[in-house]
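A short write-up of the structure that comes next.
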Amino acid sequence: MNCFLVLLILVTSFSFVNVNVNVNALENDDKNFIFEEEQKVLQYSDNSTDAKVEKLAIIGAGAAGSSAAYHLQYFTNHLYNVTIFEKANYVGGRSTTISNFEGSNDNDDIDDFYAELGASIFIKDNKILSKAVDIFNLTLQEFSVEEKYPDLFDGSFGIWNGNKFVFEGQSNSLWSKFKFWKKYGYSPIKAYRANKNLIRNKFLKFFYDNDEHFPFDDLNKINIESGLIELTNKTGKDYLTDVENLNQDFIKEFVQATTRVNYAQNIDQLHALGSAVTLAAAFSGSGLQVKGGNYKIFEKFISFSENNQLLLNSQVNKIELMKGDENWKITYNDGVEDFFNQVLIASPYHTLQDIEIDIPNKENEKFLINNDLAKVEFVKLHVLILKSKEKLSSEYFNSTGNLESLPEFIMTTQNDADENPPFFSINIIDYNNDTDNYIYKIFSPIDMTLENNDFKLSTLFKENNYEILKNHLWESYPYLVPKNKFDTFKLHEDGLWYLNTMESFISTMETSALMGANVAALISNGKNTTNLIIPIGSS
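Per mature numbering (1 follows the signal peptide of the UniProt record, and there is no 0), the sequence shown runs over residues -19 to -1, 1 to 520.
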């Protein structure tokens, strides 16, 4: 186990332990047959030419929406006509590179490094994403600079509290590991064992168990049955203190550093399941990226079927419940209309403020949209990517050594007065051998390029010796506030779905893809021509 590999992770996906699922299918000579398991029976159907073709609309081409489009077609042998509406000019949502986001590869620096502007990595044990990489023959690349350039970088990291480094080390150093255990004692081992048990016996069992629980139709029910509610209704600090009895320095310094870099939230802000996500990444190894950008997974999801139609630059204006077989009318791009049997909303609720949802007699129709959806607040995160021929200024970090002594990856935590540093993390994400430029990524709650801020980018670099490649403000993920109840993902009984409910529970690329696959399986049940299992191809 290498705990320090967490310090290579920015905006991570959840890390899953490998599980073998054995499923047996009993096939007849004709196309119609029964698939039997211990817990359930699924009816397989014949997708013949005279079968009625349903039209489905998906709003949003990120992880959840693209996964839904893919699994709908895979489960049913391309039964549906699916239209994906995306108001941006690219696929991927918050998983995108600079060049993909800007729709151009003209900038050589950006094109060479495929700099991830949003969700940066996933873990090899993320079932859905890793399986997609194999199926679509995508190429992976290492995430950490010391793996890419071992002669130039040593995997050094530090946890900065605004006044001093409370811990410094190297990812593969025995001396660093010794210092780690000496400082934090038995707590890292206790945290590892508790996290491993949580993932295997709670999360995987109840969300990825194809024999009994997948697909699930009620997030709150499965949260209670799995016992995860014990984590979602407490802060990470309270749970790790009162339940796991971990060392307070370990919680405030190490665990909080991971929650700040992964979710831009302190340990006393987010629920304990959120902190468990970051620890799962810590104990799982180095992150991976798809060469050219992780968004390529989601592009492949959509292009998998000719029955998927992608409409970029398409703003949905209105969703209206109608009478008849095609229940829903969608108006988009200020006047274009189309009709669908079901609608899957795969964008955060706050991004849908320009969409009118019209359902007559809402009370009589048992319309389930309520104010709770609108109350989910998202973190405003500034992501700054720049290049410089020099490393960070040692003066700001009170370093008595030379520039080479500063860590390559700097995470942050609060100081003794519980004051927050002006940034969440700074790390070197790549290096250009041709120009001798370091490529930095900075996560912060403020725009460091503004001169009227108390903390300026020039504080970190001497004589403004840098060039900004991209400065972007994301509404990146929800504030993972503790709660007992999560919103439903079926908003209306006639087929209106909200996939982003999952994000208040766990916000990652993998779990968003899981929710897309889950809703696809619920819709496809009874029409499926293959097993409703994830990842597809499991046996």
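We treat Cβ as the ideally placed atom computed from N, Cα and C, and that holds for glycine.
Beta-carbon gap between residue i and residue j smaller than 9 Å
i      : j      : result
Lys215 : Pro463 : yes
Leu227 : Ser152 : no
Trp309 : Asp475 : yes
Gln250 : Leu461 : yes
Ser256 : Leu221 : yes
Lys68  : Ser295 : yes
Met496 : Phe103 : no
Leu365 : Glu448 : no
Phe424 : Ala175 : no
Ile300 : Leu477 : yes
Tyr173 : Phe231 : no
Leu513 : Pro196 : yes
Glu389 : Glu97  : no
Val72  : Ile39  : no
Leu119 : Lys281 : yes
Leu387 : Gly139 : yes
Trp162 : Ile391 : no
Gly268 : Ala261 : no
Ile65  : Asn289 : yes
Ser485 : Asn418 : no
Lys422 : Glu376 : no
Coil, strand or helix - residue i by DSSP
i      : result
Val224 : helix
Asp190 : coil
Lys112 : helix
Ile336 : coil
Leu209 : coil
Ile515 : coil
Ile366 : strand
Phe117 : coil
Phe424 : strand
Leu373 : coil
Tyr276 : helix
Asn289 : strand
Leu431 : coil
Asn298 : strand
Asn1   : For Asn1, the predicted structure reports a pLDDT of 26, less than 50, and the residue's modelled location is therefore unreliable. A value from the coordinates is still provided. Correct three-state label for Asn1: coil.
Pro169 : helix
Phe159 : helix
Phe442 : coil
Identity of the residues DSSP links to residue i by a beta bridge
i      : result
His52  : The partner list for His52 (beta bridge, DSSP) is empty, contrary to what the question assumes.
Gly507 : Gly507 pairs with nothing; no bridge assigned.
Leu269 : Phe103, Glu123
Met392 : Ile140, Ser406
Asn62  : Lys36
Asp319 : Ile311
Gly150 : Phe138
Asn418 : Asn413
Glu448 : Lys368
His453 : Val364
Glu97  : Thr78
Lys471 : Trp478
His331 : DSSP output for His331 lists no bridge partner at all.
Leu325 : Ile39, Trp478
Thr492 : Answer is none; Thr492 lacks a bridge partner.
Contact belief for residue i with residue j at Cβ below 8 Å, rounded distance in angstroms
i           : j      : result
Pro374      : Leu441 : In the sequence as presented, Pro is not what sits at residue 374; that position holds Ser. Going by Cβ atoms, the distance from Ser374 to Leu441 rounds to 6 Å, so yes, they are a contact pair.
Gly208      : Lys171 : Not a contact, Cβ separation roughly 18 Å.
Ala498      : Ser48  : 5 Å
Ala42       : Phe321 : That pair is no contact at about 16 Å.
Ala44       : Ala494 : 5 Å
Gly46       : Leu472 : Not a contact, Cβ separation roughly 15 Å.
Ser457      : Leu354 : Not a contact, Cβ separation roughly 18 Å.
residue 553 : Leu37  : The chain is shown from -19 up to 520; residue 553 falls before or after that span and cannot be answered.
Val114      : Val271 : 7 Å
Heavy atom of the ligand ADP within 8 Å of residue i beta-carbon
i      : result
Ile210 : This structure does not include the ligand ADP; it has no bound ligands of any sort.
Environment of residue i [buried if 16+ CB atoms lie within 10 Å]
i       : result
Val297  : buried
Thr416  : exposed
Ala398  : exposed
Lys277  : buried
Val34   : exposed
Asn481  : buried
Asp31   : Reliability of the predicted coordinates at Asp31 is poor, the pLDDT of 47 falling under 50, and the value obtained from them is presented with this limitation in mind. Looking at its Cβ environment, which holds fewer than 16 other Cβ atoms inside 10 Å, Asp31 is exposed.
Phe(-6) : Low per-residue confidence applies at Phe(-6): pLDDT is 30, beneath 50, and the placement is therefore not dependable enough to give any value.
Trp156  : exposed
Lys347  : Low confidence applies here, because Lys347 scores a pLDDT of 43, under 50, leaving its location unreliable; read the following figure in that light. Exposed is the call here.
Glu492  : Checking the displayed sequence, the identity of residue 492 turns out to be Thr instead of Glu. That one is buried.
Asp306  : exposed
Leu431  : exposed
Asn275  : buried
Residue i at chain D interface by Cβ criterion, 9 Å
i      : result
Asn408 : You won't find chain D in this structure, because it holds only one protein chain.
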